[in-house]
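J.: Structure provided below as structure tokens; questions to follow.
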């Protein structure tokens, strides 16, 4: 009891974890002192009984101390247990040499004495091998657990960060109530693509004919326009323009967030938002008006800071609207309705530096809080406002409405994609969470009770699910998970077989030395089992030997048939649970075959008679006539150790095999050879020998069971973590792909990676392009209601499907949809010339047409005999953009024809769409704080918008520069005349010549160049050839009701 108390006191220092962690040598010192105390007490008691009572006792603690050293003592490195185990083995062997040999009058010069000593030496070597192997396997599991847990925690943290980023990105485009089903649809699409159920090309198209539109009553709409914006786009460099817009719109975004207003989007110089949209807000009018006054204050700050002549014109109106997303690609949240148009008209007829409001908005305000002036004359004379009896007023504020004056640097810090700050926060969160998780991990001797209750030391519920494993045999409650766990490949099989071979050879040696009279059957049996063990070992290590032999060239070496056969056999056994169990059981049975030869060769009756006679006549009997019981007991304990430590065998099988071994041995001990065991040495003078043997076996069984149970628990928890890690990685992959889809929805494909790189460096993204073709296509006379929105969704969806072919092969990008206007651009990818030169089966007709257009242009330039003419491949974007515009007209024509066949839908069809195209130098960039937005600026953007607004239904209107380029490509352009456009004034404009079948009319030179039968074609033509048909998703029966 005193020794036990000293033992506990010595080891208790390790419970002061912080203190011991700083002084790791204390773990080794306390372990060594505890071992010395235990071994010293054991040997002292034995020597005391030897000298005082002349009793020779066998130590029961030798095996247990070795178990303790390798399995329980807190020594992190393997060197410590090895040295301590060797020291304990030397102490017990020394005890045998000095006392046991003297008791039995052994002569150390006698050969048999050395053989007897070698048996004990072999016994201690095998137990040290057992401890070393167990420690190695345990360390591998522990280290793997730490690595897997580290990766699991990191994946979990990154997944949370990625999902938050995805949520912020998606909510920056769409409100939560609309974003959720779209997010689920995107993830399911990614999963279908991964399973091969959907093509990769469809991955970045966000939806399939989805229309998520909601009616929002009692909201307030704000439209804001930057005065002199057109001048800025033509005078500022791209860097200064993007910096200015990012600063300005960033301030607006922060102010909108402060006043609880939802920004919808900005269109170049126009910024519009809605209050009371996502959540009901009774102060929606006040929020919008205060935001407008704040925006005026902000733009005054920017004007003074940057010395620019800019101002703000704002219109605010309260009413109802439709809000949602339409189309299939580049989903953007937008608003429609009569009240939206009124707010837009209030802005266009407003006064710089004032907020132009309607009477309905004024009714929702406290007039005493503002300075109210009469509306503008332009508003009084506006036909649309007059038709709807809208009375207007001007509000003027001061700088007290400034919500924030942060600069661009501060605005960057709140960006939803600020990777630098997020990475820092993720790293800090990871270090804290990893520390907490590692403290909870069920590892070490102090946590033995952890896996019994799944609670930590403080009694709190652990991160391990309580119903994950069964109590006794640690089966997964989920049978499929248990089956997958058991079928894992055993990469440690070769080490298990090496250890089993060493133990087996030691058993054979002990049998040969301890056996009274080896015969030919004994030698043949031992030879056969060693041959089979060696065969197992050779097959398992053959591949490793080849790797050592050939070194770095092993992977490229050409192996023969024999080597390949060895490799296949090894892989087959490693991967097959049934084969591994068969090998395991064969090894255990062969061990007991070796022991059986020793036991069977002992004649119990003869041994009993001779033993009695030796006591009666007082002579020394031949000790070799029967087995020595303690040698046999130690061999059984050693086999049980191997039975538990063999890797990748189900824990239930190990436990059952070990229990059968212990039970069988106890039966032999008490019922077959009870007399032999009874007259062997004991461990205590008051304890029968047979009980001492039985106690030794039971202690070995319980100790090995508990430690293997903890190892199995750690292994299964580690497997569970790996399973969860794979799930987390799949979720993270889906989230990352969803983020990529969202970024492709916000930005052009070629901008995504560049934008992320610029953002990681905390820089703004902007580009300047020498030649870009910009298109605006607008539906006219299209009054908005719920039915019309469904029609608009169908039209935009078909446009997006045409865009899919152009986007993939000809780099046509959809920029935005504004009301009923479709905006696109071509030439935003600098690699355009290379991308269009790659033919594709789906758009081979357009590729051929582009080649003919190139040849026509070359012929045109040669015929003009202009020595200064230079062929610019980037001018091809104009031809591609015009071809895309014609395909939109053809799509709308096919759409109208489809609706004409539905009698009750005829009123919903429309054929009125004008298209404007312009080309030239364009600037592009990403601006905005809470909602990053990609946009393009420049004179071609302004002119394309003017070509659309002043255009004619069913025609493509272009500027003179664009018309000249199209003529070079062989397209006829008809001079329309001088047309007045806002800004430049009167300019010459042209219509692209189109016949009644929506085909281009060729110029005279091109007609001469083309072969007979050649005909201009488009993507729609190729789609028609492939039996492509436009279909409507309306349910006719629903509307017949």
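Numbering (our numbering), first residue to last: 17 to 1057. Note that beta-carbon positions come from the ideal geometry of N, C-alpha and C, so glycine has one too.
Cβ atoms of residue 228 and residue 280: under 9 Å apart, would you say?
T.: Going by C-beta atoms, residue 280 is not nearer than 9 Å to residue 228.
J.: List the residues that DSSP assigns as beta-bridge partners of residue 329.
T.: According to DSSP, which records beta bridges pairwise, residue 329 is partnered with 241.
J.: Between the segment 381 to 389 and the segment 335 to 344, can you find at least three pairs of beta-carbon atoms closer than 8 Å?
T.: The segment 335 to 344, when compared against the segment 381 to 389, does not touch it at the 8 Å Cβ threshold.
J.: Closest by CA to residue 692, which one among 103, 622, 1006, 699?
T.: Among 103, 622, 1006, 699, the Cα nearest to that of residue 692 belongs to 622.
J.: Residue 395 and residue 365 look like a contact to me (Cβ under 8 Å); what is the Cβ gap, rounded to whole Å?
T.: The Cβ separation is near 4 Å, so the contact holds.
J.: Quick one: measure Cβ to Cβ for residue 370 and residue 408, integer angstroms, because I've assumed they're closer than 8 Å.
T.: Contact flag wrong, Cβ pair sits at about 11 Å.
J.: Is there contact here, the segment 890 to 903 with the segment 834 to 845, by at least three beta-carbon pairs under 8 Å?
T.: With the cut-off at 8 Å, the segment 890 to 903 and the segment 834 to 845 touch.
J.: Taking 9 Å as the cut-off, decide whether the C-beta atoms of residue 659 and residue 673 are in contact.
T.: Cβ atoms of residue 659 and residue 673: closer than 9 Å.
J.: Taking the C-alpha atoms as reference points, what is the distance between residue 169 and residue 518?
T.: The alpha-carbon atoms of residue 169 and residue 518 are separated by roughly 40 Å.
J.: Are there any heavy atoms of the ligand FMN lying less than 8 Å away from the beta-carbon of residue 520, as far as the coordinates show?
T.: As far as ligands go, the structure on display features none, and thus does not contain the ligand FMN.
J.: Assuming contact is defined by CB atoms lying nearer than 9 Å, are residue 538 and residue 528 in contact in what I supplied?
T.: The answer is yes: Cβ separation under 9 Å.
J.: Note down, in chain order, each residue of its chain lying with its Cβ closer than 6 Å to the Cβ of residue 783, except the 5 sequence neighbours on either side.
T.: For residue 783, where only same-chain residues beyond five positions count, the Cβ hits under 6 Å are 940.
J.: DSSP has residue 794 in a bridge; who is on the other side?
T.: Per DSSP, 837, 930.
J.: With distances taken from CA atoms, which of 144, 56, 32, 179 is nearest residue 746?
T.: Among 144, 56, 32, 179, the Cα nearest to that of residue 746 is on 179.
J.: Return helix, strand or coil for residue 971, following the three-state DSSP convention.
T.: The answer is coil: DSSP assigns residue 971 none of H, G, I, E or B.
J.: On a CA-only basis, which of 244, 284, 711 is nearest residue 261? Give me that one, please.
T.: Taking only the C-alpha atoms, the option nearest residue 261 is 284.
J.: How is residue 491 classed by DSSP in three states: helix, strand or coil?
T.: Looking at residue 491 - three-state DSSP - the assignment turns out to be coil, as it is neither helix nor strand.
J.: Which residues in the same chain as residue 1116 place their Cβ atom closer than 6 Å to its Cβ, once the five residues preceding and following it in sequence are excluded?
T.: Outside the shown range of the chain, which is 17 to 1057, sits residue 1116, and nothing can be said about it.
J.: With distances taken Cα to Cα, identify the nearest neighbour of residue 156 among 24, 827, 486, 511.
T.: Nearest C-alpha to residue 156: 511.
J.: Using only alpha-carbon positions, find the residue among 973, 52, 553, 957 that is nearest to residue 250.
T.: For residue 250, the nearest C-alpha among the options comes from 957.
J.: Excluding five sequence neighbours on each side, which residues of the same chain lie with their C-beta closer than 8 Å to the C-beta of residue 883?
T.: For residue 883, the predicted structure reports a pLDDT of 43, less than 50, and the residue's modelled location is therefore unreliable. A value from the coordinates is still provided. Hits under 8 Å: none found.
J.: Within 10 Å of its beta-carbon, does residue 360 have 16 or more other beta-carbons around it, so buried, or fewer, so exposed?
T.: Classification of residue 360: buried, given that the 10 Å Cβ count is 16 or more.
J.: How should residue 726 be labelled, buried or exposed, when 16 other C-beta atoms within 10 angstroms of its C-beta is the threshold for buried?
T.: So residue 726 counts as buried.
J.: Measuring straight from C-alpha to C-alpha, what distance separates residue 163 and residue 346?
T.: Roughly 41 Å separates the two Cα atoms.
J.: How is residue 367 classed by DSSP in three states: helix, strand or coil?
T.: In the structure shown, residue 367 sits in coil (DSSP, three-state: anything other than H, G, I, E or B).
J.: Assuming residue 643 and residue 682 form a contact by the criterion Cβ under 8 Å, report the distance between their Cβ atoms to the nearest whole angstrom.
T.: Rounded, the Cβ-Cβ distance is 16 Å, inconsistent with contact.
J.: For residue 206, which residues from the same chain have a beta carbon less than 6 Å from its beta carbon, with the 5 sequence-adjacent residues on both sides left out?
T.: Here the set comprises 750, 753.
J.: Under a Cβ-count criterion, where at least 16 other Cβ atoms within 10 Å of its own Cβ denotes burial, should residue 35 be classed as buried or exposed?
T.: With fewer than 16 other Cβ atoms within 10 Å, it is exposed.
J.: Per DSSP, what kind of secondary structure is residue 1025 in: helix, strand or coil?
T.: Interpretation of residue 1025 is limited by its pLDDT of 43, a score under 50 that renders its predicted location unreliable; the figure taken from the coordinates is listed afterwards. Helix.
J.: If you draw a straight line from the C-alpha of residue 104 to the C-alpha of residue 566, how long is it?
T.: Taking the straight line joining both Cα atoms gives about 41 Å.
J.: Ignore the nearest five residues each way along the sequence and tell me which others in residue 589's own chain have a CB closer than 6 Å to its CB.
T.: Cβ within range, chain order: 595.
J.: Determine which residues share a DSSP beta bridge with residue 1016 and list them.
T.: Residue 1016 pairs with 1010.
J.: When you compare only the Cα positions, how much space is there between residue 308 and residue 736?
T.: About 56 Å.
J.: Is residue 670 buried or exposed, if buried means 16 or more other CB atoms sit within 10 Å of its CB?
T.: Label assigned to residue 670: buried.
J.: What's the C-alpha gap between residue 545 and residue 484?
T.: Taking the straight line joining both Cα atoms gives about 41 Å.
J.: Please state whether DSSP places residue 338 in a helix, a strand or coil.
T.: Strand at residue 338.
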